[in-house]
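Encoded as C-alpha cells, the structure appears first; notes follow it.
Residue numbers (the working numbering), protein chains in the order written: chain E, 21 to 221; chain F, 39 to 565.
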C-alpha cells in the first residue's frame, strides 16, 4: 500500500513540473504606468505602456504595443497632448528575458495627437527590471490592451514579476521626455493559455 | 465544516501512514477535501509556537506561520497584539464557501517596520478582516495576480507607499476599510476587473507639497468596477481618480470633501480623465480645492447624474476636452466659478434637469451658473452638426446685480430670458427662480476647505443641504425622458435613492420625510 502511494506522489510531482516547464512558453508581456510633473508642479504627464510578444516567438517575433500619452497643465487647465494607439512593432523591438528578470522596448511609433491634430513620431527606449520574485497563478482574465481585460475561456496560467521601468519616450528629434521619472507601477509577465496550474492550500 | 485545530491534531496523531495518505490526497485531488479548521495566533500567549499546532491553547506566535499551514476553508483567528511582520499569503481557498479567512480580534496591528503588511501573491478566495496595518515602509496591503480576494473592516495607516495596491486583481472586494496617511495613493487599482470598493474612508494620502501630493483612490486601466459609499476627504490630490482606459467604472454615492494640494488649486473631489464609459452618480462632493466633479481631456461618453456639488473652489461640474458627456439631474450650488462648465472642445453634451444656483459669484475667472464655450456648443460636423443640448435646468442668482446667469457660445447672458431671446432652441423649458432648498447659505462662505482633523474623523458638518422644500419650483418639473444613468440604461434614482417619478429637477427628489440614505438599496445599474 505504501509503495503505491509513493508512486502516485511521484507521478503527481512529475505532472506539476511539466506544467511549470510548459508555462515558460507563454506570451511575454510588460506593462508600465508613468506619472510625472514638470518643475512647476503643474504639467502632469501620464504614459501607459502595454507590450506583448507572441507565445511562439517571445520577444524575437513581432510584438504589439498599446501606448497612451496625455499631458495636461493642471494649474491652468490647458491640455497639451492626448494620444493613444495600438502599434505593431518589428521583431526584436520587445526583448524580454526568458526568466522575466528584465526586458527592453526600443522602437519608433507614429501616434495621432488629438490636441495638436498632428501625427507624432515617438522614439521609445524603455527598460524593465524585475524587483520581486515570480508569482504564478491560474487567472480568470488577461489584459489584452489598455482598457481591455478579457475573461479567459480556457485554463490560463500567468506568471508575473513586479518590476521597475524607466527610460525615454520622446518626440523624434526633440529633447522633451514624456517619461522622466520611473514608472509608478510596472510588471513583467508571461501568459500561457490552455495551461493549468495547481495552486492553493 | 469547521473544527478547532485540536480535531486536526487528533487526526494527525493517527500515524505517519495516514499523514502520507493525506498529503498525497491533497496533491492529487486538491485541497478541498481537507477538513477546515480554525487556527489560532496569539503572540501574547507564552505557550505559542510557530511549529503548531495552532490550537487555542498552543497558538501560533506569528500570522505568517499560520498562513503557511492553512488550507481551503480554514480560519486564522488572531488575538490582539502587535505583530510586526510581513504576512505573505500564498495559499488559496477554492470557492466562496471554502475561503481562507484571516480574522483579527480588536486591537491587532500588523506590519510595523516591514516592507508590506499583507502580501497576496497569486491567490484566490482569501479574506482579510479586521486588521490594522500600520507603518509599513512601502505598501500596506498588496495583491498581485489574485482573484476573489476580500479585504474588509481593516485599517491601513501610515503606509510608506500605497495603502492598498491591487495589481491584476479580478473579482476583488475592498469593503469598509479605513485608509489614511499613506505617503502614496491610498488605494491604487491597476489592471483590475470587477473590483468593488465599498464603504469606509480614504483620507490624507500624500503630502501637500510639490511632488508629494497623491490622489485618494486611483483606478488605472481597470474595467467593470465600482466605488460606492466611501468617504474620501483631505487627500492631497483628486479624491477619486479614474483614468488610463478604465471603463465601466461606477462612482456612486461617495462623499468627497476637503481634497486639496494646498499650494496650488488643482485637486477635485472626483476626476475622470482620458477614459470613457463611466458613470458618476449620486455623489456628494463639496468644499474641494478645485471642482467637485471633473471630466478632463478625452473623458468622452461619461455620465454625471444625480450628484450634489457645492462650495468647491472651481466649478461644480467641469467638463473639458471631452465629448458626449451627460450632465443630468444634478444640484450645483455656490461654487467659485461657473457651476456647470463645458469648455475646450466638449461638444455633443447633454445638460438637463439640473439645479444650478449662485455659482461664479464675483469670480475673476468664469462666472455663470452654466457655461458652454464656443468650441463646445456643437461638433461642427459636416453636413449635420450635433449640438450640445441644454434644457430643463433651473437657475437662479440670489443677487443678480453684476453677475452672469449663462455663458453660451462664449457670450455672457445675465438672465435666462436674455439667453432664450438670443439663442432660440436653447433652454426652452428653463426656469429662473429661487429653487427652494433646505439650506443654501448666501452670501457664499468665503473660504474653503474646512478644518483638517486627524483621520478617521467624524463627518464635517454639512455646509449646505440641497434637498427641496415642499414649495420648491423644481418639483415635478424635469424632463423624465432624460432621467437615465446612461444611454439605454436604467432610469436613474436620485441622490438619496428615491425612484424618480415624476421627476424633480436637481439631484434630490422632494419627499416628506426624506428617506434615510443609509438604509436604502440603490443602483444605477452599472459598474
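For glycine and all other residues, C-beta sits at the position ideal for the given N, C-alpha and C.
query, result
"Cβ neighbours of residue 273 (chain F) in the same chain (closer than 6 angstroms, five flanking residues each side left out)", "243, 254, 297"
"Distance, residue 337 (chain F) Cα to residue 415 (chain F) Cα", "17 angstroms"
"Through-space distance from residue 156 (chain E) to residue 179 (chain E), alpha-carbon basis", "4 angstroms"
"Validate contact between the region 109 to 119 of chain E and the region 160 to 173 of chain E using beta carbons, cut 8 angstroms, 3 pairs", "no"
"Beta carbon proximity, residue 565 (chain F) to chain E, threshold 8 angstroms", "Residue placement at residue 565 (chain F) is flagged as unreliable, the pLDDT there being 47, under the threshold of 50; the coordinate-derived value follows with that caveat. Judged by the 8 angstroms Cβ criterion, residue 565 (chain F) is not in contact with chain E."
"DSSP beta-bridge partners of residue 49 (chain E)", "E:72, E:209"
"Through-space distance from residue 541 (chain F) to residue 507 (chain F), alpha-carbon basis", "15 angstroms"
"Extent of the continuous beta strand (DSSP E) to which residue 269 (chain F) belongs", "269 to 271"
"Member of F:440, F:392, F:303 whose CA lies at the smallest distance from the CA of residue 61 (chain E)", "F:303"
"Other residues of its chain near residue 201 (chain E): CB distance less than 6 angstroms, five sequence neighbours each side excluded", "56"
"Runs of beta strand (DSSP E) wholly within the region 373 to 457 of chain F (minimum 3 residues, chain order)", "378 to 381, 388 to 390, 393 to 395, 408 to 410, 427 to 429, 432 to 434, 444 to 446, 449 to 451"
"At least 3 beta-carbon pairs within less than 8 angstroms: the region 441 to 449 of chain F vs the region 403 to 412 of chain F", "yes"
"Chain F contact for residue 68 (chain E) (CB, 8 angstroms cutoff)", "yes"
"Residue 3 (chain E): contacting residues in chain F (beta-carbon distance under 8 angstroms)", "Because chain E spans 21 through 221 in this model, residue 3 (chain E) falls outside it and cannot be assessed."
"Beta-carbon proximity list for residue 205 (chain E), same chain, < 6 angstroms, skipping 5 on both sides", "53"
"As assigned by DSSP and simplified to three states, the class of residue 466 (chain F)", "coil"
"Residue-chain proximity (residue 373 (chain F), chain E), Cβ-Cβ < 8 angstroms", "no"
"Neighbouring residues, chain F, relative to residue 107 (chain E) (Cβ below 7 angstroms)", "Per Cβ cutoff of 7 angstroms: no residues; residue 107 (chain E) is ~15 angstroms from chain F at best."
"Cross-chain neighbours of residue 99 (chain E) in chain F, by beta carbon under 8 angstroms", "334, 335, 358, 359, 382"
"Same chain, Cβ closer than 7 angstroms to residue 172 (chain F), five either side skipped, listed in chain order", "147, 149, 150, 195, 196"
"Backbone secondary structure at residue 150 (chain E) - three-state DSSP", "strand"
"Sub-8 angstroms separation of residue 546 (chain F) and residue 504 (chain F) beta-carbons", "yes"
"Proximity of residue 220 (chain F) and residue 178 (chain F) at Cβ, strictly below 8 angstroms", "yes"
"Own chain partners of residue 509 (chain F) with C-beta closer than 7 angstroms, once the 5 adjacent residues on each side are dropped", "474"
"Nearest-angstrom Cα separation, counted from residue 462 (chain F) out to residue 548 (chain F)", "31 angstroms"
"Opening and closing residue of the beta strand (DSSP E) in which residue 101 (chain F) lies", "Per DSSP, residue 101 (chain F) belongs to no beta strand (DSSP E); it is in the alpha helix (DSSP H), 101 to 105."
"Nearest candidate by alpha-carbon position, reference residue 119 (chain F), set F:106, F:309, F:168, F:428", "F:168"
"Same chain, Cβ closer than 7 angstroms to residue 232 (chain F), five either side skipped, listed in chain order", "208, 209, 262, 263"
"Buried versus exposed call for residue 83 (chain E) [16 or more other C-beta atoms within 10 Å across all chains shown]", "buried"
"Exposed unless 16 or more other CB atoms sit within 10 angstroms - verdict on residue 153 (chain E)", "exposed"
"Residue 69 (chain E) versus residue 136 (chain E): straight-line alpha-carbon distance, rounded", "21 angstroms"
"Range of the contiguous beta strand (DSSP E) that encloses residue 369 (chain F)", "369 to 371"
"Opening and closing residue of the beta strand (DSSP E) in which residue 217 (chain F) lies", "211 to 218"
"Chain-order list of residues whose beta-carbon lies under 6 angstroms from that of residue 106 (chain E) (same chain, five-residue window excluded)", "86"
"Interface positions of the region 181 to 206 of chain F facing chain E (Cβ-Cβ less than 8 angstroms), listed along the chain", "182, 183, 184, 185, 203, 205, 206"
"Sequence-distant residues of the same chain with beta carbon closer than 7 angstroms to residue 592 (chain F), five excluded per side", "The structure shown does not extend to residue 592 (chain F), since chain F spans only 39 to 565, so no value can be given for it."
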